[in-house]
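The block underneath contains the structure these notes are about, expressed in structure tokens.
Protein chains: 2
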Amino acid sequence: MRLAELSDRSGVPAATIKYYLRERLLPAGRRITATQAEYGDEHLRRLRLVRALIQVGKMPVATARQVLAAVEDESLDQNVRLGAAVWALPRGPEPAEDDPATAVARREVERLMRRLDWCWSLEAGDASPAWGTLVAAVAALARLGYPSEADDLAPYARAAAQLAVTDLDLIERFRTPLEQVEAAVALTVLYEPVLLSLRRLAQAEESNRRFGTEG
Amino acid sequence: MRLAELSDRSGVPAATIKYYLRERLLPAGRRITATQAEYGDEHLRRLRLVRALIQVGKMPVATARQVLAAVEDESLDQNVRLGAAVWALPRGPEPAEDDPATAVARREVERLMRRLDWCWSLEAGDASPAWGTLVAAVAALARLGYPSEADDLAPYARAAAQLAVTDLDLIERFRTPLEQVEAAVALTVLYEPVLLSLRRLAQAEESNRRFGTEG
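Going down the list, the sequences are from chains A and B. The first sequence: position 19 = 552 (this note's numbering), numbered continuously. The second sequence: position 203 = 736 (this note's numbering), numbered continuously.
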């Protein structure tokens with residue numbers, strides 16, 4: 534298809550597509566004349582991933598480009614490739630190393646991982662961006678004196694394990710390894726606000742059940 | 534206790550405490566001389582909530598002030614008060630009303646809520662900030678052609694229901710209604726990065742289980 538049709542079918546304005554092409558967020562089309570190129574389904578798919586990262590995930594272009602480079606790396610095992618693509622997503626704040634709460638948090642996170650038998654995470658440790666974000670978040674809880682021990686975190690981790698099964702089931706609906714990696718990245722980003730808003734609605738339901746005065 | 538002790542015990546610099554007092558994020562102490570005031574445990578507790586909102590939650594001062602006003606409203610039922618305080622937290626993007634994907638998303642969210650029997654959320658509907666955020670997030674999925682039907686969302690909602698039970702159990706560890714509302718707000722904010730990073734670690738574990746090549 535030509536650029537105009539790619540724009541129609543994706544709903545992305547032609548000027549925006551040209552910008553993504555210039556920024557190498559979208560691979561070039563197959564050149565058919567000096568001024569025209571032909572685009573395929575892979576461009577449509579890539580375009581929706583770029584939209585997920587930039588429009589919904591609010592990622593800077595440079596970060597999105599790194600995520601896409603990880604997505605495209607076919608030299609990796611599928612498992613490593615999924616991990617690398619998700620690792621390239623923007624990370625939360627890093628733990629403050631000079632803060633005693635960080636040491637406490639790191640110990641509790643390790644206890645939690647051992648208890649759940651999350652061997653892969655224990656082995657990756659600080660190399661994993663999510664591990665660093667988790668330590669920083671648990672340190673913030675500890676510093677403020679809120680529940681932050683492995684026992685307090687365990688029910689959240691068990692819910693996360695269940696979510697991951699749902700996530701991977703969704704990802705496995707896609708056929709090729711490339712489509713799966715694209716979906717893993719997009720769904721990780723797009724389902725975060727879904728999950729957080731469902732949690733707030735569920736809190737209201739549960740609060741109503743416990744404290745509500747109406748029958 | 535005096536300001537210096539409040540600073541020592543909370544770990545918040547005296548200058549920052551003075552700033553919070555000026556911005557009315559912290560109630561004034563009990564005046565004992567023309568230049569000195571006495572602070573109590575309620576100041577220590579409030580200080581950690583303010584830190585959770587501003588330092589961890591990255592909230593603007595004006596938003597934090599609105600959240601605190603909701604926390605302090607003793608005229609409300611405990612259930613309504615918990616809801617009002619959490620509603621005052623910063624919300625995600627609003628759904629785009631002129632987008633057909635928003636209509637599709639709203640229908641799927643309503644189907645989901647009916648299926649789960651989340652009556653309170655169905656009744657509040659768009660009045661609830663989390664409902665709006667959920668509709669916008671589901672619309673983004675629908676627009677990009679990713680799984681976004683009530684069937685796709687249901688496992689996430691079931692995980693959220695379980696999380697809400699854990700959240701409310703944590704909140705009920707606090708004794709007074711005021712402490713519970715403070716904890717509800719702080720823990721909603723502080724546990725979001727915990728939950729999202731646990732999900733990413735759990736994804737890596739699950740991906741390794743399904744696609745890993747090592748024994």
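Ideal Cβ placement from N, Cα and C applies to all residues, glycine included.
In the three-state reduction of the DSSP assignment, B:E682 falls in the coil class, being assigned neither a helical nor a strand state.
Non-local beta-carbon contacts of A:A618 in its own chain, meaning distances under 7 Å to residues more than five positions away in sequence, involve V600, A603, V604, V714, A717 and V718 in chain order. CA-to-CA, the gap between A:R598 and A:P623 works out to about 12 Å.
The beta-carbon of B:D606 is placed no less than 9 Å from the nearest beta-carbon of chain A. Taking all protein chains shown into account, B:S540 has 16 or more neighbouring C-beta atoms within 10 Å of its C-beta and is therefore buried. Around A:R542, the same chain offers M534 and L577 as residues with beta carbons nearer than 8 Å, after the five sequence neighbours per side are excluded. By the C-beta criterion, the segment 644-657 of chain B is judged not to be in contact with the segment 672-681 of chain B, since fewer than 3 inter-stretch pairs fall below 8 Å. Within the same chain, and ignoring the five residues on either side of A:R563 in sequence, the residues whose Cβ sits closer than 7 Å to its Cβ are A570 and E571. The secondary-structure analysis by DSSP pairs B:E571 across a beta bridge with B:R563.
The beta carbon of B:A561 sits closer than 7 Å to those of L554 and A570, all from its chain and outside the five residues before and after it, given in chain order. The C-beta of B:I565 has fewer than 16 other C-beta atoms within 10 Å across all chains shown, which makes the residue exposed. Neighbours of B:P688 across chain A, judged by C-beta separation under 7 Å: T699. Counting C-beta atoms within 10 angstroms of its own C-beta, A:D700 has 16 or more neighbours from the protein chains shown and is therefore classed as buried. If you draw a straight line from the Cα of B:A547 to the Cα of A:G678, it comes to about 19 Å. Three or more pairs of CB atoms, one per stretch, sit closer than 8 Å, so the segment 632-643 of chain A contacts the segment 680-690 of chain A.
When C-beta distances to chain A are compared with 7 Å, the residues of the segment 567-595 of chain B below that value are R581, R584, A585 and V589, in chain order.
For secondary structure counted as the alpha helix (DSSP H) over 4 or more consecutive residues, the segment 639-686 of chain A holds these complete runs in sequence order: 652-657 and 662-676.
Taking a 10 Å sphere around the C-beta of A:R557, we find fewer than 16 other C-beta atoms and assign the residue as exposed. Of all residues in the segment 722-742 of chain B, the ones placed with a Cβ closer than 9 Å to any Cβ belonging to chain A are L723, Y724, E725, P726, V727, L728, L729, S730, L731, R732, R733, L734, A735, Q736, A737, E738, E739, S740, N741 and R742, in chain order. Neighbours of B:V619 across chain A, judged by C-beta separation under 8 Å: R733, Q736 and A737. Going by beta carbons, A:P662 and A:G625 fall inside the 9 Å limit. About 14 Å separates the beta carbon of A:L711 from that of B:F744, a gap too long to meet the 8 Å contact definition.
Nearest CB-CB separation between A:R644 and chain B: not below the 9 Å threshold. In the three-state scheme derived from DSSP, where H, G and I count as helix and E and B as strand, A:S608 is classed as coil. Membership of B:K591 in any alpha helix (DSSP H) is not indicated, and neither H nor E is assigned to it by DSSP. Collapsing the DSSP output to three states places B:P626 in coil. Ranked by Cα distance from B:R706, the options B:P726, B:A693 and B:L720 are led by B:L720.
Shown here, B:A603 sits in a helix according to DSSP, grouped into three states. The beta-carbon of B:Y552 is placed no less than 9 Å from the nearest beta-carbon of chain A. The straight-line gap separating the alpha-carbon atoms of A:A697 and A:L731 is approximately 16 Å.
For B:L601, there are no C-beta contacts with chain A under 8 Å, since the nearest C-beta of that chain is about 15 Å from it. When secondary structure is reduced to three states using DSSP, B:D702 falls in the helix class. Cβ contact annotation for B:D606 (same chain, cutoff 7 Å, sequence separation greater than five): R614 and A617, in chain order. Within chain B, not a single residue places a beta-carbon under 7 Å from that of A:A629; the smallest gap is close to 11 Å.
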